[in-house]
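Asker: Numbers in the working numbering are just positions in the sequence shown, counted from 1, shifted up by 2.
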Amino acid sequence: MEENPGTWSLTSTAFMMGGGALAGMAVGYAMRVTTRLALLVIGIVILILYGLMSSGFVVVNWDAVGTGLEDGSRTAGAWLMAMVRRLSASLVGFAGGVILGWRLK
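#1: Under the rule that 16 or more other beta-carbon atoms within 10 Å means buried, what is Gly22, buried or exposed?
#2: Around the C-beta of Met27, are 16 or more other C-beta atoms found within 10 angstroms, so that it is buried, or is it exposed?
#3: If you check the beta carbons only, do Gly30 and Gly95 fall under 8 angstroms apart?
#4: Counting C-beta neighbours from all protein chains within 10 Å, is the total for Val100 16 or more, i.e. buried, or is it exposed?
#5: Are Val60 and Leu51 close, meaning C-beta to C-beta below 8 angstroms?
#6: If you measure between the beta carbons of Ile62 and Met55, is that distance less than 8 angstroms?
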């Protein structure tokens, strides 16, 4: 299938949306399955770190943590916007697929 960058084709758009939906379903299902485990692990790590901080074994530089979170959110936002511009047709199907995949039993 040859495409010119300046042309629009219904078949290529439908194919991109369909492929995005299938990928979205897989990602949504995987997210649902792994989210509980990830949240459990994160919660345990936070509790352990809080206990170590309260005992005086660990000192947290909250300014550095805040700066790192701000920089990371800016970088992630810029990357996400670049991906949305490039993959907008696939993302329509992908978003629907993630929702369907999340609801799969």
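Just so you know, even glycine gets a beta-carbon here, dropped at the ideal spot from N, CA and C.
Model, not experiment: these values are computed from the prediction.
Answerer: Inspection of the coordinates gives the following:
#1: Looking up residue 22 in the sequence shown gives position 20. So Gly22 ends up on the buried side.
#2: The sequence position of residue 27 within the sequence shown is 25, counting from 1. It is buried - the Cβ of Met27 has at least 16 other Cβ atoms within 10 Å.
#3: Here residue 30 corresponds to residue number 28 of the sequence shown, with the count starting at 1. Here residue 95 corresponds to residue number 93 of the sequence shown, with the count starting at 1. No, the Cβ-Cβ distance between Gly30 and Gly95 is not below 8 angstroms.
#4: Position 98 of the sequence shown holds residue 100. When all chains shown are included, Val100 counts as buried.
#5: Counting from 1 along the sequence shown, the entry for residue 60 is found at position 58. Counting from 1 along the sequence shown, the entry for residue 51 is found at position 49. By the CB criterion at 8 angstroms, Val60 and Leu51 fall inside the cutoff.
#6: The sequence position of residue 62 within the sequence shown is 60, counting from 1. The sequence position of residue 55 within the sequence shown is 53, counting from 1. Here residue 62 turns out to be Val, not Ile, going by the sequence shown. Yes.
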